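Q: For reference, the structure I am asking about is given below.
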Amino acid sequence: MSVEVDLSGVSGETAAAAKLHLLPCEVEHTGPAQVTRFFTPGVRDSGQGALQASFRGRELRGENVALPDGYTGLVLKEKHKAVSDEEARVFHAAQKFQEFTYWNMETPPSKNDGLQKALHWLEITKAIHSPVDKNISQNGSHTRVKVEDSSP
Amino acid sequence: MPPRRESGVKGKGSSSEETDQWVVVLPDSVAEKQDEDEDRPTFVKLLHPKTEKGAMFLFSKDNQQVLEVLAFQEEFRSWFVGESVQQDGSLHMVTPVDPLFLVLPYLVKAYESGMYMPIDQLVSDGQYPECTRLLSCIQLSDLEHICDVKGSGDVRACRYNKERTLEWLKQKVEQVADKLTDSSVRVTGGAQLLTFTHSLKSEQASRDDYLRYACGLVSDYISTDLSKELTQHMGIKIPEKKEVNCAEPPAKKAKLSEIPEATEDYSKFAVKDEKPKNTKMTAAQRALSKVDKTGMKSIASFFSPKTAAKSKKK
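Line by line, the protein sequences give chains A and B.
Sequential numbering from 1 applies to the first sequence in the working numbering.
Sequential numbering from 1001 applies to the second sequence in the working numbering.
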């Protein structure tokens, strides 16, 4: 019951850069929608990267959020539902992104929004999981010994 | 706060809300195209060292790296992806995990037998069979951080070593504390220990504060027992909740004041206070409560002012 990821769809220059908006409301629908026809034309830049838009009569405040260096965004799609448990499930990377637009309701996005903290986590987590670089310390007899250079 | 941990592989038919589309963020190296003959990156379920339950992880192509999957999820969020709507507004974040954290539970468990065993025998699990993939993510030399290794060449046997592990974890904590110091994450304030806010003012947090916070972060990847030993090993004091300086948490106060009745009516709190007391009786107290107390005075009455004592007699 593992799930494989097929990256062939987003490799190379042909990769379609997706335009993503993270909305401050739940839309009870998954499927096609005319975003560029009805939503994006209303997006206004109110200076210094602050964006404004409206959705269903509500004012939205947003900003473009770039992913931290070293990270890539993907939209993974399962094209065919696996019929049985044995069948390997495959998710296809359909689109790639390096930034998306983050929207709040009335309040402009700030550093203390959950999303910013989550993105900051991407940095902190490196420190937790990168290998400890010091040698194994005093209390083991197996301290690593550097291989001496045998040349004279 | 760090994002929520995803439990379990989606799509085992357990949840009806599952979508067949995810928005994920992952390291460039993992998102690179694989060659035809390489294994694809694969999501699998592994034992999580802290929760001791299954959690979703990703192995990069050819099992070079293991990554955890966390979801940033807020209420009332959806995505517009190109010309479509995705109801599930979560952002899945796939980040590398030190594989040593994930093999540690197996080593600790096997330590009970006291025997040295080959690592591939140690790390095997009927419930999470994919855990054997972890072995290809680990350098043999890294294993020396958490166990004694005997033998040479291909024949190596390992046994968990607590002292080494604690020392390794200590270095981890220091590494994280350094990172936090560099990136100005606010770590002070007892009850807010695990809030994850940027300091806008330059508040002076001590090295201890950073270490304590870092220890909390590392403890998310080890068992509770080991976490306790780590705090002891490092001499970190976790402040008790009651010592918390109340100057800081405005969020909670604000919430309290939203309850209209609570502002004046203290009696309600008093009632609430008594309930847990009754349930927490010791065996002696329980025995005592069965004793016929008619004619007995409460000890308290000897110490209270006479007026109070009178009112009780009524």
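C-beta atoms are modelled at their ideal positions from N, C-alpha and C, and glycine is treated no differently.
Here the structure is a predicted model, which is why all the values come from computation and not from measurement.
#1: Name, please, each residue of chain B whose Cβ falls closer than 7 Å to the Cβ of P108/A.
#2: Which chain A residues sit within Cβ distance under 7 Å of T1095/B?
#3: Can you tell me which of the three DSSP states Q1086/B falls into?
#4: In terms of DSSP beta bridges, what is A62/A paired with?
#5: Report buried or exposed for D133/A, applying the criterion of at least 16 other Cβ atoms within 10 angstroms of its Cβ.
#6: For A1055/B, write down the residues that DSSP places opposite it in a beta bridge.
#7: Closer than 8 Å, CB to CB, is F1080/B near chain A or not?
#8: Can you give the beta carbon distance from L1046/B to C1131/B, rounded, assuming they're within the 8 Å contact cut?
#9: Would a check of beta-carbon distances place H129/A closer than 8 Å to chain B?
#10: Quick one: grab the DSSP three-state call for H129/A.
#11: Just list the residues that DSSP pairs M1117/B with in beta bridges.
#12: Could you give the residue range of the alpha helix (DSSP H) that holds Q1101/B?
#13: Q1064/B touches chain A at which residues, Cβ-Cβ below 8 Å?
#14: Is there a Cβ from chain B that is less than 8 Å from the Cβ of A53/A?
#15: In the DSSP assignment, the beta strand (DSSP E) including L1026/B goes from what residue to what residue?
#16: Are there 16 or more other CB atoms within 10 angstroms of the CB of G1216/B, so buried, or fewer, so exposed?
#17: What does the alpha-carbon distance come out to for the pair R58/A and W103/A?
#18: Since A1214/B is in the beta strand (DSSP E), which residue starts that stretch and which ends it?
#19: Starting from L1067/B and walking both ways along the beta strand (DSSP E), at which residues does that stretch end?
#20: Which residues of chain A have a Cβ atom closer than 8 Å to the Cβ of T1042/B, listed in chain order?
#21: Between D1142/B and the rest of its own chain, which residues show a CB-CB distance below 7 Å, the 5 nearest in sequence each way excluded?
#22: Just the C-alpha distance for L122/A and L1070/B, rounded to the nearest angstrom, thanks.
#23: Check each candidate in L1122/B, C1147/B, H1145/B and V1025/B and name the one with the smallest Cα separation from L1135/B.
#24: Consider the Cβ of G1114/B: report whether some Cβ of chain A lies at a distance smaller than 8 Å.
#25: Would you check if the segment 1152-1162 of chain B and the segment 1071-1090 of chain B touch, i.e. whether three or more CB-CB distances between them fall below 8 Å?
#26: Applying the 10 Å Cβ sphere with the 16-neighbour rule, what's the burial state of H1048/B?
#27: Below 8 Å CB to CB, which residues in the same chain sit around P952/B once its five sequence neighbours on both sides are set aside?
#28: Taking only runs that begin and end inside the segment 1127-1177 of chain B, name each unbroken alpha helix (DSSP H) of 4 or more residues, in chain order.
#29: Taking C-beta pairs closer than 9 Å, name the residues in chain A that F1057/B reaches, listed in chain order.
#30: If we count the other Cβ atoms within 10 Å of its Cβ and call it buried at 16 or more, is L1169/B buried or exposed?
#31: Taking C-alpha atoms, which residue in I1238/B, K1172/B, D1125/B and D1220/B lies nearest to H1145/B?
#32: In chain A, which residues lie less than 7 Å from H1048/B when you measure between Cβ atoms?
#33: Please classify Q98/A as buried or exposed, where buried requires at least 16 other C-beta atoms within 10 Å of its C-beta.
#34: In three-state terms, what does DSSP make of H92/A?
#35: Taking the beta carbon of E1167/B as the centre, do at least 16 other beta carbons fall within 10 Å, making it buried, or is it exposed?
#36: On the three-pair Cβ rule with 8 Å, is the segment 67-80 of chain A touching the segment 30-42 of chain A?
A: The short version:
#1: Within chain B, no residue comes near P108/A; the closest Cβ sits about 15 Å away, beyond 7 Å.
#2: L122 and T125
#3: strand
#4: Note that residue 62/A corresponds to Gly in the displayed sequence, not to Ala. L51/A and W103/A.
#5: exposed
#6: L1046/B
#7: yes
#8: 6 Å
#9: yes
#10: helix
#11: C1158/B
#12: It is Phe, not Gln, that sits at residue 1101/B in the sequence shown. Where F1101/B is concerned, the enclosing alpha helix (DSSP H) stretches over P1099 to Y1111.
#13: In chain order: nothing, as chain A lies at least about 14 Å away.
#14: no
#15: Q1021 to P1027
#16: buried
#17: 12 Å
#18: Unbroken run through A1214/B is the alpha helix (DSSP H), R1207 to V1218; no beta strand (DSSP E).
#19: V1066 to F1072
#20: S2, V3, E4 and V5
#21: L1100
#22: 10 Å
#23: L1122/B
#24: no
#25: no
#26: buried
#27: Shown here, chain B extends from 1001 to 1314; a query on residue 952/B therefore has no answer.
#28: 1140-1143
#29: Those do not exist, as F1057/B stays about 10 Å from chain A at its closest Cβ, beyond 9 Å.
#30: buried
#31: K1172/B
#32: Neighbours of H1048/B on chain A: none; closest Cβ ~14 Å, over 7 Å.
#33: exposed
#34: strand
#35: buried
#36: no
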